[in-house]
Every structure is written in C-alpha cells, then in structure tokens.
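Asks: Have a look at this one.
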RNA sequence: GUGAGAGUAGCUCAACUGGCAGAGCGCUGGACUGUGGCUCCAGUGGUUGGGGGUUCGAGUCCCCUCUCUCACCCCA
C-alpha cells in the first residue's frame, strides 16, 4: 500500500465522486443565497504577482512570511499562488474598471504552506464576498448577517458571531504603542515574563498577546483597545450591533478579536460554531477601507468575509453514498447485447445516467455489478423482450419488474426524479 | 517552526513478556446455466512504509529515514 509510487502532495485532497456531489449541492445553495443579496461572482487567476500579496496582506504577517507558494517564471518574474481572495478581487475590480458600489463574490481555491491538520489544508476552497465602495454600519451588519444565515442554511449549528472594532489604522497604532509600553514596563520591573510565543508576537502582532492562553490572564490591567477608539468609531460599531440585534443574529462582543491580515480596520468578525470542540473559525472577515487605495485605486471603503468550505464539510456533513447510473442495461446473450447497445445510446440521448457491462458476463454477474454500482433500475433485454418490442425494467430496491415499451424509460425516470425531489437529504 | 500519536492484505483491524503473519469485509466462481441484495461452499489475497542494527530467531527491541494524523502557532 505504501509502495505507491506517487501520492498527493502534503495538505492537498482528492475530491472523490461522493464528496463532489455533496459539494455541488452545497455550492448551489451558497450561490443562490449570495446572489439574493445582490452579489455577482467572479474568478481571478490562480496566481498573481507576488507583490500584490505582500502589499495587501502585510509583509510581517505569517501568510507572507512563511506560507506563500512563490515561484519564478523563465524571465525571473515572481508569482504566488493566491493565499487569499480579497487582494486579487480588489485588483480585478480596479483592473476591469468595475464601478462602485460593487458587490463581488467568489468561490476559489487558495494555497498556503501550513502544516495541515483537521479543517486545514495547503490547498483549500474559500467562498468569499466583498462589498466595495460602501461605508455604512448597515452594510457591515448586512455582510455579517449574510454570512450567519448562509452558515445556518448549510446546517452549521450553535453559531456565534464574534465581533470587535479594531478602530481606524491610526487608532490601532496608538493603542499598539500604548500596549507595548505597558508590556515593556512590566517586563522591566520583573512582574511579567512572556512566553516564547508572545515574545514573537510582540514584534508581529502585539494585540494577539491579550488572547494568549498563558499570558492573557496576567494582563487584566493592560490598556484596553476600546479606550483608544474615537467616538465616531464607537458609534459606528454600536450601530452595527443594533442591526444585528434587530435581525436576531447571535453575536458576542470579543474585545480581543484581531485579524491576522494587515488591511483590516474598524469591524472585525469571525463566525465560530460552539459545537466544534476546538473553536475553529468557519468564517472570518472585516472592513478594509484602505486596501483599494493601497493597490493604486481611488480611496474606496470595503467590507467582506471568506468561509472555508472544507471546514463546513468536515464538521457538519458525512460523505454521502451516491447513487450510480439510473439505468443499468443487462443483456442475456450476444444477440441481445447488440440490441442493448442501441438502446443505451437512445437512453443517453435522453440524458439519463446509464451504463452496462462491456465485457461479456453472465446475466447474474451483470446484475451483481448493477447492484454494486448502486444503480436505480436494471433494464433487462433478452430475446423474449425483443420479440415483444419491450424492455423489462427491474427496480433494484424493491425487486419489482415491469414490461414496458422503450419510450416509457423517459417517463419512469422523470417520475422517479420527481418523487425524490425535496427528499434528497445530503 | 514546536510537540504528540500512528504506519500489518484493496478496506477496517488482530498477533501475550521477541517464537510458523491472522480475521472480518471486499473481490472471483459455484450452490441458483434469463435476475442483484440474504445464506452456504470454494478460491483470491502480504517485501508487516523503507534502510540499518541487536538476536538462534524481529511485525514486536534499538537507530536512521519516509508518510499520514492530531494539537500548538496562525488561520478559512
């Protein structure tokens, strides 16, 4: 088994037919919901100029520092497999002169060179939305509510929106230095010893220290981010919450919530499920008012989120057993096989999933294969049937057989599909 | 990058302190020659991830290596 010569690269996944069908169903639901909120879908290239990600995500973030798949072409240009969707979408928004206000959505695979674990892969799929050119608490709230309802519709349970305002970039900067002053002072007078992780965090993202399991509790008297927010920022945040209240979104204010990408400001949020032991984030997002300008466009505020498709599937779905061909054509001998080949061709012109055995096999063996493939009905063709100008249709679940003219195969198929509709529990 | 666990048949897993590598499922065929599932019978299955070492003898002990999984970090 482990003598296999080639295996998939670490952290990548094969989506086998069973999961493929499940994803199709989920994605259809997601697309329908997102369109209902007025978004249009786009697809950007799988790779971009490396610079785009460094500029947008921030050069001292984990993603840029150690998780990007970067390569060079023959002329030495540096490209990177997209690690996230927001920067490419904004780039495309600018490059195609799309006019704000614009609501763009995407379903794209992302690439990050992390150590894989549950719900976390090196290639993974994100569904994301970006509302570009609108700055009003109403849109922030709507974006959050949309993510919340979509997750709910997808069957995610015990959802909680964690929400915070991290203020404007200037406000956050002021807070950051106040926090650093506080930490340095405590360290110098010996009342505080940070863990190794937090020593690293100090340079990279000091706000995260407050959330550290080891050091966090020691910092009860540290300055609070909220104290550094302007009245305007606070009011904006309050308004968002009042909409969420009105729409009965289950949220919790999380003063320590910060985002790992540099471009966020003001609203930051995550949606987690309390059903999952390790509180993995199902969806994360926030407001980013300076990104469009940073990427060379006019000053344009924006807000958005992304959700991880694999996490939804991992935590809330079983990979279903899928049904095989609707009709499995079985033949009695070489003579009827010739006839069956023509019949199969007709069934396929009707676009009904169907199959047969190609090598000669006994009828018994053919039936066995039909069963194993989980076919819905077997169509048995032998000399008797040909003589009568009919086919024998056996329901593989009930074992009931009917003798009908060929053209009835369409009717039987349609009736069965109609019967199943709505009952499809994936 | 750090830490923990696991690799035995196609799959899920056994094999006491080192002593002949096994079972179930699957697969093929038959009982039932124009009918699947259930039952019974027979057959099919392996370089125990790879390399080295200790030993009369290694799936089992030691070292190296590869792969996978989980957790931390970080994130979707």
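Residue numbers (our numbering): -2 to 423. For each residue, glycine too, the CB sits at the ideal point set by N, CA and C.
Spatial neighbours of residue 111 within its chain, please: C-beta separation below 8 Å, excluding the five flanking residues on both sides.
Replies: Position 114 of the first chain, counting from 1, holds the residue named residue 111. Excluding residues within five positions, the ones whose Cβ falls inside 8 Å are 8, 64, 117 and 119.
Asks: Going by the CB atoms, is the gap between residue 262 and residue 141 shorter than 8 Å?
Replies: Counting from one through the first chain, the residue named residue 141 turns up at place 144. Counting from one through the first chain, the residue named residue 262 turns up at place 265. Not in contact: residue 141 and residue 262 (Cβ atoms no closer than 8 Å).
Asks: Does the Cβ of residue 147 lie closer than 7 Å to at least one heavy atom of the ligand NAD?
Replies: No copy of the ligand NAD occurs in the structure displayed, which carries no ligand at all.
Asks: Out of 60, 271 and 418, which has the shortest C-alpha to C-alpha gap to residue 157?
Replies: In the first chain, residue 157 corresponds to position 160, counting from 1. Residue 271 is the option with its Cα nearest to residue 157.
Asks: Please check the pair residue 400 and residue 372, which I expect to be a contact at CB under 8 Å, by giving their CB distance rounded to whole angstroms.
Replies: Along the first chain, read from residue 1 onward, the residue named residue 400 stands at position 403. Along the first chain, read from residue 1 onward, the residue named residue 372 stands at position 375. Not a contact, Cβ separation roughly 19 Å.
Asks: Residue 301: which of 81, 70, 66 and 24 sits nearest, CA to CA?
Replies: Indexing the first chain from 1 puts residue 301 at position 304. Nearest option by C-alpha distance: 81.
Asks: Considering just the uninterrupted stretch of the alpha helix (DSSP H) at residue 460, what are its terminal residues?
Replies: Residue numbering for the chain in the displayed model covers -2 to 423; residue 460 lies beyond these limits and cannot be assessed.
Asks: On the DSSP letters alone, give me the boundaries of the beta strand (DSSP E) that residue 78 sits inside.
Replies: Within the first chain, residue 78 is the residue found at index 81, counting from 1. 75 to 78 is the extent of the beta strand (DSSP E) around residue 78.
Asks: Pull up the CB-CB distance for residue 151 and residue 313, whole angstroms please, since I reckon it's below 8 Å.
Replies: The count along the first chain starts at 1 and reaches residue 151 at position 154. The count along the first chain starts at 1 and reaches residue 313 at position 316. Right, the Cβ-Cβ distance comes to about 7 Å (below 8 Å), so this counts as a contact.
Asks: Just curious, the alpha helix (DSSP H) that residue 86 is in, first and last residue?
Replies: Locating residue 86 in the first chain gives position 89, where the first residue counts as 1. Its alpha helix (DSSP H) spans residues 83 to 92.
Asks: Compute the distance between the beta-carbons of residue 288 and residue 296, then report whether it is under 8 Å.
Replies: Your numbering for residue 288 matches position 291 in the first chain. Your numbering for residue 296 matches position 299 in the first chain. Taking 8 Å as the Cβ cut-off, residue 288 and residue 296 do not qualify as a contacting pair.
Asks: In terms of residues, what are the limits of the alpha helix (DSSP H) holding residue 363?
Replies: Against the first chain, residue 363 aligns to sequence position 366. It spans 360 to 369 - the alpha helix (DSSP H) in which residue 363 sits, taken as one unbroken run.
Asks: Quick one: using the 10 Å Cβ neighbour count with 16 as the cut-off for buried, is residue 96 buried or exposed?
Replies: By 1-based counting over the first chain, the position of residue 96 is 99. Classification for residue 96: exposed.
Asks: Who are the near neighbours of residue 143 in its chain, counting only those whose CB is closer than 6 Å to its CB and skipping five residues on each side?
Replies: Looking up residue 143 in the first chain gives position 146. 34, listed in sequence order.
Asks: Using a threshold of 8 Å, state whether the C-beta atoms of residue 325 and residue 376 are closer than that.
Replies: For the purposes of this step, residue 325 is identified with residue 328 of the first chain, where counting begins at 1. For the purposes of this step, residue 376 is identified with residue 379 of the first chain, where counting begins at 1. Yes.
Asks: With a CB to CB cut of under 7 Å and the five nearest residues on each side skipped, what residues in its chain are close to residue 44?
Replies: On the first chain, position 47 is the one that residue 44 refers to. Hits under 7 Å: 76, 77, 78 and 79.
Asks: Is it the case that the Cβ atoms of residue 341 and residue 333 are separated by a distance below 8 Å?
Replies: Here residue 341 refers to the residue found at position 344 of the first chain. Here residue 333 refers to the residue found at position 336 of the first chain. No, Cβ-Cβ distance for residue 341 and residue 333 is not below 8 Å.
Asks: Is it buried or exposed for residue 246, if we count other Cβ within 10 angstroms and need 16 for buried?
Replies: Taking the first residue of the first chain as 1, we reach residue 246 at position 249. Buried is the call here.
Asks: May I have the straight-line CA-CA distance separating residue 60 from residue 364, to the nearest angstrom?
Replies: Reading the first chain from its first residue, position 63 is the one you call residue 60. Reading the first chain from its first residue, position 367 is the one you call residue 364. About 54 Å.
Asks: Going by Cα to Cα distance, which pick from 237, 161, 282 and 279 is closest to residue 251?
Replies: As a first step, residue 251 is located in the first chain; it is residue number 254 there, counting from the start. Answer by Cα proximity: 161.
Asks: Sort 71, 92 and 98 by Cα distance to residue 36 and report the nearest one.
Replies: Within the first chain, residue 36 is the residue found at index 39, counting from 1. Among 71, 92 and 98, the Cα nearest to that of residue 36 belongs to 98.
Asks: Identify whether residue 66 lies in helix, strand or coil by the three-state DSSP scheme.
Replies: Taking the first residue of the first chain as 1, we reach residue 66 at position 69. Note: residue 66 maps to coil in three-state DSSP.
Asks: Tell me whether residue 188 is buried or exposed, calling it buried when 16 or more other Cβ atoms sit within 10 Å of its Cβ.
Replies: The sequence position of residue 188 within the first chain is 191, counting from 1. So residue 188 counts as exposed.
Asks: For residue 387 and residue 405, what's the separation of their Cα atoms in angstroms?
Replies: If you number the first chain from 1, residue 387 lands on position 390. If you number the first chain from 1, residue 405 lands on position 408. In a straight line, the C-alpha of residue 387 is about 10 Å away from that of residue 405.
Asks: Does the Cβ-Cβ distance between residue 485 and residue 54 come in under 8 Å?
Replies: Absent from the structure is residue 485, since the part of the chain shown begins at -2 and ends at 423.
Asks: What does a CB cutoff of less than 7 Å around residue 344 pick up in its chain, not counting 5 residues either side in sequence?
Replies: One-based indexing of the first chain puts residue 344 at position 347. Result list for residue 344: 324, 351 and 406, in chain order.
Asks: What are the start and end residues of the beta strand (DSSP E) that includes residue 105?
Replies: Within the first chain, residue 105 is the residue found at index 108, counting from 1. Note, residue 105: beta strand (DSSP E), 99 to 108.
Asks: Who does residue 269 pair with in a DSSP beta bridge?
Replies: Residue 269 sits at position 272 when you count from the first residue of the first chain. According to DSSP, residue 269 bridges with 157 and 278.
Asks: Which residues does DSSP pair with residue 32 in a beta bridge?
Replies: By 1-based counting over the first chain, the position of residue 32 is 35. Per DSSP, none; premise fails for residue 32.
Asks: Going by the beta-carbon positions, is the gap between residue 279 and residue 88 smaller than 8 Å?
Replies: Here residue 279 is taken as the residue at index 282 of the first chain, counted from 1. Here residue 88 is taken as the residue at index 91 of the first chain, counted from 1. No, the Cβ-Cβ distance between residue 279 and residue 88 is not below 8 Å.
Asks: Output the residue ranges of the alpha helix (DSSP H) runs that lie fully inside the segment 315 to 351 and measure 4 residues or longer, sorted by chain position.
Replies: 331 to 346
Asks: Reducing DSSP to helix, strand and coil, say where residue 218 ends up.
Replies: Working through the first chain from its first residue, we reach residue 218 at position 221. It is coil, neither helix nor strand.
Asks: Hey, quick one: how far does the alpha helix (DSSP H) through residue 144 stretch, first residue to last?
Replies: Position 147 of the first chain, counted from the start, is the residue given in the question as residue 144. First-last of the alpha helix (DSSP H) with residue 144: 134 to 150.
Asks: Apart from the five residues on each side of it in sequence, which residues of its chain come closer than 6 Å, Cβ to Cβ, to residue 122?
Replies: Looking up residue 122 in the first chain gives position 125. If we look at residue 122 and ignore the five residues flanking it on each side, its Cβ neighbours are 106 and 306.
Asks: Determine the extent of the beta strand (DSSP E) in which residue 291 is found, giving its start and end residues.
Replies: Reading the first chain from its first residue, position 294 is the one you call residue 291. Residue 291 -> not in any beta strand (DSSP E); alpha helix (DSSP H) instead, spanning 288 to 291.
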